[in-house]
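Taken in sequence, the protein lines are chains A and B.
First residue of the first sequence: 4, per our numbering; consecutive thereafter.
First residue of the second sequence: 3, per our numbering; consecutive thereafter.
Remarks on the structure that follows.
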Amino acid sequence: MRTLIYLLIGILFGITMFKSEAASWFRIYEMFKFESFHMYGIIGSALVIGIIVVQLIKRLNIKSFYGETIHFHPKAKSFSRYMIGGVLFGLGWALAGACPGPMFTLIGAGYIPILVVIVASLLGTFVYGLLKDKLPH
Amino acid sequence: MDWIFSPWPWYVSGPIIAFIMFLLIMVGKNFGMSSNLRTMCTICGAGNKADFFKFDWKHQRWNLTVVLGAIIGGYIGSQWLSTDIAVAINPDTITDLNNLGFNSAGKAYLPTELFDTSALLSFKNLALLTIGGFLVGFGARYAGGCTSGHAISGLSNLQLPSLIAVIGFFIGGLFMIHVLFPFIF
Chain A
4 MRTLIYLLIG ILFGITMFKS EAASWFRIYE MFKFESFHMY GIIGSALVIG IIVVQLIKRL
64 NIKSFYGETI HFHPKAKSFS RYMIGGVLFG LGWALAGACP GPMFTLIGAG YIPILVVIVA
124 SLLGTFVYGL LKDKLPH
Chain B
3 MDWIFSPWPW YVSGPIIAFI MFLLIMVGKN FGMSSNLRTM CTICGAGNKA DFFKFDWKHQ
63 RWNLTVVLGA IIGGYIGSQW LSTDIAVAIN PDTITDLNNL GFNSAGKAYL PTELFDTSAL
123 LSFKNLALLT IGGFLVGFGA RYAGGCTSGH AISGLSNLQL PSLIAVIGFF IGGLFMIHVL
183 FPFIF
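Set out below in structure tokens:
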């Protein structure tokens, strides 16, 4: 039952990524060119609603659908890992035009070359795992 | 119902993304897609090479199910819910992309110059897709999250680290497109 819920959430996510064109390389390019409000509107409106939702859940102590306490995990404090990692991610995001959610949506939409991007992103994740202790965090 | 077959405007898509995050929080999980890449490495046996991948991946099965849904959603969105998938980007952006050699701008969902199956025959394209993917995977894990984990979940929870990461995403993206693209394309 729970698996079905995750699957349905994923399907809604995939449809939304495709239909919003957030999975389109062109939209990412246009966003970094500041030539359209579209992507900023998507991220911005999701964020405004997201902030309200998270604050309400926290302040009203809302329980999950299963009656469990909801935990939010604060991110560890650091500057370098977020900035360096973020810049590297941004370089890849603009070049490949896809981030880790939409890249899977694009498989479903039938773009074979996105598999190269996915395999390479697995490789990048693997190399990070190998180098983790040697990198500034 | 015609609207459903057209591209969805930001004021429909953004709230749905917030709703997806809300649903995941309410079933006791969180919205973050890039951690699936780590899980997939673990399933492939990466735990033998680095401790970072030593964890019980079965606890992440729920998120892999979300990924499976995202794939199915991509099929449904493109095959059943779309009549014309060409992305109507700004005409100025189209002119600009035409000058870079992307003649498919404004006529396709993804640039055929990079994402048509025949583009895989070009070593340069293969290298670009590989470098792009590698940076996405490496950078997301280094930064501890991607667009969903930091820009949506983290910022929704008012996390300063997520703000730093998102600023980094933009520095990297702007540098790639404004400085490196003229050399690459």
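Every residue gets a Cβ at the ideal spot worked out from N, C-alpha and C, and that includes glycine.
Please read these numbers as outputs of a predicted model, since none were measured by experiment.
Sort Ile54/A, Arg5/A, Phe40/A by Cα distance to Ala25/A and report the nearest one.
-> Phe40/A
Do you know whose CA, among Thr44/B, Ser37/B, Ile91/B, Thr41/B, lies nearest Pro11/B's CA?
-> Ile91/B
Per-residue burial, Phe68/A [other beta carbons within 10 Å of its own, 16 or more giving buried] | exposed
Are the region 41-61 of chain A and the region 115-134 of chain B touching, with three or more C-beta to C-beta distances below 8 Å?
-> At 8 Å Cβ cutoff, the stretches do not touch.
Are three or more beta carbon pairs between the region 92-105 of chain B and the region 44-53 of chain A nearer than 8 Å?
-> no
Taking only the alpha-carbon atoms, compute the straight-line gap between Thr67/B and Gln81/B and give it to the nearest angstrom.
-> 21 Å
Just to confirm, are Ala72/B and Thr108/A a CB contact at a threshold of 7 Å?
-> yes
Using the Cα positions of Ile12/A and Phe7/B, report the straight-line distance between them to the nearest angstrom.
-> The straight-line gap from Cα to Cα measures roughly 20 Å.
Nearest chain A C-beta to Phe117/B closer than 7 Å, yes or no?
-> Phe117/B counts as touching chain A.
Does DSSP put Val120/A in a helix, in a strand, or in coil?
-> helix
For Met106/A, count neighbouring C-beta atoms within 10 Å of its own C-beta (all shown protein chains included) and say buried if the count is 16 or more, exposed if not.
-> When all chains shown are included, Met106/A counts as buried.
Which residues, taken in chain order from the region 166-181 of chain B, show a beta carbon closer than 9 Å to some beta carbon of chain A?
-> Residues Ile166, Ala167, Val168, Ile169, Gly170, Phe171, Phe172, Ile173, Gly174, Gly175, Leu176, Phe177, Met178, Ile179, His180.
Is the shortest distance between the beta-carbon of Ser83/A and the beta-carbons of chain B less than 7 Å?
-> no
Which first and last residues belong to the alpha helix (DSSP H) in which Asn100/B is found?
-> 93-102
Under three-state DSSP, which class holds Cys46/B?
-> coil
Where Asp2/B sits in the DSSP three-state scheme = Because chain B is modelled from 3 through 187, residue 2/B falls outside the range shown and cannot be assessed.
Go ahead and label Ile186/B buried or exposed: buried means 16 or more other beta carbons lie within 10 angstroms of its beta carbon, across all protein chains shown.
-> exposed
Classification of Ile46/A by the beta-carbon crowding that lies within 10 angstroms, buried from 16 upward = Buried, because 16 or more other Cβ atoms sit within 10 Å of the Cβ of Ile46/A.
Less than 7 Å separating the beta-carbons of Phe55/B and Ala123/A?
-> no
Using a Cβ cut-off of 8 Å, pull out every chain B residue sitting near Met20/A, in sequence order please.
-> Chain B residues near Met20/A: Ala72, Gly75, Gly76, Gly79.
Would Phe185/B count as contacting chain A if we go by Cβ distances under 7 Å?
-> no
So, helix, strand or coil for Gly104/A, using DSSP?
-> The three-state reading of DSSP puts Gly104/A in coil, since its state is none of H, G, I, E or B.
From Arg143/B, Asn32/B, Asn50/B, Phe21/B, residue whose alpha carbon lies closest to that of Ile87/A = Arg143/B
Examine chain B for any beta-carbon lying closer than 7 Å to the beta-carbon of Leu59/A, and answer yes or no.
-> no
Near-chain B residues of the region 120-136 of chain A (beta-carbon distance less than 8 Å), N- to C-terminal order | Val120, Ile121, Val122, Ala123, Ser124, Leu125, Leu126, Gly127, Thr128, Phe129, Val130, Tyr131, Gly132, Leu133, Lys135
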